[in-house]
Amino acid sequence: MRSVIGINDLSVQEIDDLISTAKDIIANPAKYSDVCKGKKLATLFFEPSTRTRLSFEAAMYELGGNVIGFSEPNSSSASKGESVADTSKILSCYADILVMRHYKEGAPYVASRNATVPVINAGDGGHNHPTQTLADLLTINRCKGKLSDITIGYCGDLKYGRTVHSLISALSRYTGIKTVLIAPDKLALPGYIRKDVLEKNCMPYKQVSSLEEAIPELDVLYMTRLQRERFATDDEYECLKNSFILTPDKLVDAKKDMCILHPLPRVNEISVAVDEDQRAKYFEQALNGKYMRMALIMKLLEAAKDGNKEAELEHRTDLVCDNPRCITATEQELQHKFVLTDEERGTYRCIYCDTKAR
Ligand code: NCD
Numbered sequence: 138m139r140s141v142i143g144i145n146d147l148s149v150q151e152i153d154d155l156i157s158t159a160k161d162i163i164a165n166p167a168k169y170s171d172v173c174k175g176k177k178l179a180t181l182f183f184e185p186s187t188r189t190r191l192s193f194e195a196a197m198y199e200l201g202g203n204v205i206g207f208s209e210p211n212s213s214s215a216s217k218g219e220s221v222a223d224t225s226k227i228l229s230c231y232a233d234i235l236v237m238r239h240y241k242e243g244a245p246y247v248a249s250r251n252a253t254v255p256v257i258n259a260g261d262g263g264h265n266h267p268t269q270t271l272a273d274l275l276t277i278n279r280c281k282g283k284l285s286d287i288t289i290g291y292c293g294d295l296k297y298g299r300t301v302h303s304l305i306s307a308l309s310r311y312t313g314i315k316t317v318l319i320a321p322d323k324l325a326l327p328g329y330i331r332k333d334v335l336e337k338n339c340m341p342y343k344q345v346s347s348l349e350e351a352i353p354e355l356d357v358l359y360m361t362r363l364q365r366e367r368f369a370t371d372d373e374y375e376c377l378k379n380s381f382i383l384t385p386d387k388l389v390d391a392k393k394d395m396c397i398l399h400p401l402p403r404v405n406e407i408s409v410a411v412d413e414d415q416r417a418k419y420f421e422q423a424l425n426g427k428y429m430r431m432a433l434i435m436k437l438l439e440a441a442k443d444g445n446k447e448a449e450l451e452h453r454t455d456l457v458c459d460n461p462r463c464i465t466a467t468e469q470e471l472q473h474k475f476v477l478t479d480e481e482r483g484t485y486r487c488i489y490c491d492t493k494a495r
């Protein structure tokens with residue numbers, strides 16, 4: 138069954154097609170108003186969400202379909218100890234497509250291996266968030282008219298910011314992308330993205346410590362919230378929380394057509410005064426998310442008609458994942474699996490969370 142767990146589950150052609158469909162939905166909404174009539178989407182949200190869950194729900198309703206689901210684990214049998222595998226098998230009996238957000242990295246992947254309907258990852262821990270990336274890509278495309286030949290700066294929590302991880306991976310498949318990483322050392326981009334995505338694809342990147350230094354060359358500035366819920370201690374968060382705050386004075390040297398994105402919610406990293414600036418696109422980005430999710434739901438429901446199960450990657454089972462945030466740490470009887478991601482260096486990474494085998 139075709140699922141979307143990471144952004145690379147979609148080819149560049151498919152992403153470009155989703156963007157075209159989203160633009161057609163924007164231009165002709167009535168054409169799509171009963172495409173999903175009689176279909177049900179289930180939202181399985183084990184972590185808080187406003188935009189992602191409600192935009193999926195709005196997307197399904199606007200396609201003429203229905204929605205069931207839960208928005209916190211305490212209202213599901215997960216609170217009784219039910220596994221992700223069992224939950225997804227059960228929900229497959231009630232819905233035609235599942236959307237899962239989970240605090241454990243790799244949980245939606247486990248769901249996709251057990252469900253008999255398509256599964257969409259709506260954010261797994263600090264790992265991936267492919268449908269936010271679809272929203273980001275449509276926004277960049279609508280602002281810049283292209284997805285190649287741009288300089289993009291990512292600012293804030295690049296360690297746990299799953300939206301950043303997915304967007305960097307997506308853009309690695311377009312040409313002429315220059316990346317600027319703006320983060321405190323403690324919140325630097327994980328190695329699996331730096332080495333296996335930026336370096337492996339020979340993408341030029343630099344790490345800088347000041348927003349002012351980075352801003353003048355950027356076409357896109359991608360601000361992020363510090364992911365407080367994933368920090369080991371509150372003290373650590375308190376020390377870092379004011380590291381980067383975008384205020385109107387910092388935009389003086391920015392390009393006139395730069396666009397400012399943020400997956401939202403924001404805490405304090407973009408001053409409210411910036412909202413007035415015509416370069417602020419984050420509210421449009423949230424709306425674009427609904428259109429891209431409509432396009433994706435239609436695509437996966439169409440693909441589900443052929444019913445084929447996706448083949449599993451070749452993997453090793455003699456290695457152990459030591460990431461406590463990985464789904465292998467909690468899911469009962471889940472076999473640890475590792476895939477070879479770098480032949481030259483002999484690097485194996487966990488199939489669920491991308492942690493490197495020691
Ligand atoms: C993001 C997320 O959940 O990762 N929010 C979203 O889905 N729009 C970003 C965040 O929570 O900071």
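Just so we're aligned, residue 138 is where the sequence shown starts under this note's numbering, counting upward by one.
Glycine included, each C-beta is placed from N, C-alpha and C at the ideal position.
At a cut-off of 8 Å, the beta-carbon of residue 401 counts as near the ligand NCD: some heavy atom of the ligand is closer than that. Distance from the Cα of residue 243 is smallest, within the candidate group 252, 260 and 153, for 260. The alpha-carbon of residue 195 is positioned some 44 Å away from that of residue 480.
Judged by the Cβ position, residue 423 qualifies as a neighbour of the ligand NCD at the 8 Å threshold, a heavy atom of the ligand being closer than this.
According to the DSSP assignment, residue 138 belongs to no beta strand (DSSP E), since it is labelled neither H nor E. Runs of beta strand (DSSP E) with 3 or more residues, each lying fully within the stretch 232–258, are found at 234–239, listed in chain order. Residue 195: member of the alpha helix (DSSP H) spanning 188–199, first to last residue. For residue 458, the three-state secondary structure derived from DSSP is coil.
About 13 Å separates the beta carbon of residue 401 from that of residue 190, a gap too long to meet the 8 Å contact definition. In the three-state reduction of the DSSP assignment, residue 425 falls in the helix class, which pools H, G and I.
If one requires a minimum length of 4 residues, the alpha helix (DSSP H) runs lying completely within the stretch 311–384 are 348–351 and 371–377, in chain order.
Taking a C-beta distance under 9 Å as the contact criterion, residue 220 and residue 468 qualify as a contact pair. With 16 or more other CB atoms across the displayed protein chains lying within 10 angstroms of its CB, residue 202 is buried. Residue range 288–292 is occupied by the beta strand (DSSP E) that includes residue 289, with no alpha helix (DSSP H) assigned at that position. Remark: the C-beta of residue 430 is outside contact range of the ligand NCD, defined as less than 8 Å to any heavy atom. Here residue 280 carries a helix assignment [DSSP, helix/strand/coil]. Its Cα nearest to that of residue 300, the residue 258 stands out among 313, 280, 258 and 322. Using a Cβ distance threshold of 9 Å, residue 197 and residue 178 count as a contacting pair.
The Cβ neighbour count for residue 312, taken over all protein chains shown within 10 Å, is under 16; the residue is labelled exposed.
DSSP links residue 493 through a beta bridge to 486.
Segment contact: the stretch 199–215 against the stretch 144–155, fewer than three CB-CB distances shorter than 8 Å; contact not assigned.
Comparing alpha carbon positions, the residue from 324, 342 and 323 closest to residue 332 is 342. Here residue 307 is near residue 152, since their CB atoms are less than 9 Å apart. For residue 472, the shortest C-beta to heavy atom distance toward the ligand NCD is 8 Å or greater. A distance criterion of 8 Å places the beta-carbon of residue 139 beyond contact range of the ligand NCD, judged by its closest non-hydrogen atom. At the C-beta level, residue 491 and residue 327 come within 9 Å of one another.
In terms of side-chain proximity, the C-beta atom of residue 266 is found nearer than 8 Å to a non-hydrogen atom of the ligand NCD. When DSSP states are grouped into helix, strand and coil, residue 207 belongs to the strand group.
For the pair of segments examined, the stretch 156–167 was found to touch the stretch 426–433: the number of CB pairs separated by less than 8 Å reaches three. Across the set 139, 185 and 281, the C-alpha of 139 shows the shortest separation from the C-alpha of residue 252. Taken through DSSP and simplified to helix, strand or coil, residue 183 comes out as coil.
Taken atom to atom, the span from the alpha-carbon of residue 186 to that of residue 482 is near 38 Å.
The ligand NCD never approaches residue 249 closely enough for any of its heavy atoms to be under 8 Å from the residue's Cβ.
Cα atoms of residue 239 and residue 403: separation of roughly 20 Å, rounded to the nearest angstrom. By the CB criterion at 9 Å, residue 287 and residue 305 fall outside the cutoff. Put simply, the backbone Cα of residue 213 is about 41 Å away from that of residue 316.
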